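The structure appears below as structure tokens.
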């Protein structure tokens, strides 16, 4: 995965690209509290088993674990609480329409800090892979690695 300049990558959901066909990606802002952003900047976040849902016309990330900030004491919030994602109205409408189709879901790909220090999440419309699709992509990746190794020798 290519990293764009001025991005500090905080977490990557490796299983998303393994378990899903990525159809279209979007950039969304995250609504966080003060202690959550401090913990996020330390990289104490886990995207495994998280997904996005549209609830009452708003997009939320569910199952994302941001570990409590050590110095946060009583200001810490529930690490697994749903967090609101910020998108343009057209993008949100498109996601809502596409998820109504069978087999499409919204999965988080990664979390990063942009050049202004704001927390952003890359989400994607994705279609689940079958077991034989996963085997096929693993075989393609292996042949690509062999070609790269042969090229270096």
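In the numbering used here, the protein residues as written are 2 to 154. Each residue gets a CB set at the ideal place from its N, CA and C atoms; glycine is no exception. Since this is a predicted model, take the numbers as computed values, not measurements.
Task: Residue range of the unbroken beta strand (DSSP E) whose run includes residue 91 - done: Within the chain shown, residue 91 is the residue found at index 90, counting from 1. Looking at the DSSP string, residue 91 is not in any beta strand (DSSP E); the run it does join, the alpha helix (DSSP H), is 90 to 101.
Open item on the list: Does the stretch 129 to 146 come into contact with the stretch 46 to 61, if we say contact requires no fewer than three beta-carbon pairs (one atom in each stretch) closer than 8 Å?
Closed with: Result no; under three Cβ-Cβ pairs closer than 8 Å.
- [ ] Establish whether the CB of residue 20 and some CB of chain D are separated by less than 8 Å.
- [x] Of the protein chains in the structure, only one exists, and it is not chain D.
Open item on the list: Can you tell me whether residue 81 is buried or exposed? The criterion is at least 16 other CB atoms within 10 Å of its CB, across all chains shown.
Closed with: Position 80 of the chain shown, counted from the start, is the residue given in the question as residue 81. Classification of residue 81: exposed, given that the 10 Å Cβ count is below 16.
Open item on the list: Just list the residues that DSSP pairs residue 73 with in beta bridges.
Closed with: Here residue 73 refers to the residue found at position 72 when the chain shown is read from its first residue. According to DSSP, residue 73 bridges with nothing at all.
- [ ] Taking 8 Å as the threshold, find out whether the stretch 34 to 41 comes into contact with the stretch 67 to 78 through three or more Cβ pairs.
- [x] Note that the stretch 34 to 41 touches the stretch 67 to 78; at least 3 beta-carbon pairs, one per stretch, sit closer than 8 Å.
- [ ] Could you tell me how far apart the beta carbons of residue 60 and residue 86 are, in whole angstroms, since I believe they sit closer than 8 Å?
- [x] What you label residue 60 is simply residue 59 of the chain shown in a count that begins at 1. What you label residue 86 is simply residue 85 of the chain shown in a count that begins at 1. 4 Å between Cβ atoms; contact.
Task: Reduced DSSP secondary structure (H/G/I, E/B, other) of residue 1 - done: No information on residue 1 is available, as it lies outside the stretch 2 to 154 that the chain covers here.
Open item on the list: Taking 8 Å as the cut-off, does the stretch 86 to 100 touch the stretch 9 to 19 (at least 3 CB pairs, one atom from each stretch)?
Closed with: no
Task: residue 106: first and last residue of the uninterrupted beta strand (DSSP E) it sits in - done: Translated into the one-based positions of the chain shown, residue 106 becomes position 105. Per DSSP, residue 106 belongs to the beta strand (DSSP E) from 105 to 114.
- [ ] Rounded to whole angstroms, what's the CA-CA distance from residue 110 to residue 154? Just pull it up for me.
- [x] By 1-based counting over the chain shown, the position of residue 110 is 109. By 1-based counting over the chain shown, the position of residue 154 is 153. Cα to Cα, the separation comes out at about 34 Å.
Task: Beta bridge counterpart(s) of residue 10 as assigned by DSSP - done: For the purposes of this step, residue 10 is taken as the residue at position 9 of the chain shown. As computed with DSSP, residue 10 is found in a beta bridge with 113.
TODO: To the nearest angstrom, report how far apart residue 148 and residue 138 are at their CA atoms.
DONE: Locating residue 148 in the chain shown gives position 147, where the first residue counts as 1. Locating residue 138 in the chain shown gives position 137, where the first residue counts as 1. If you draw a straight line from the Cα of residue 148 to the Cα of residue 138, it comes to about 15 Å.
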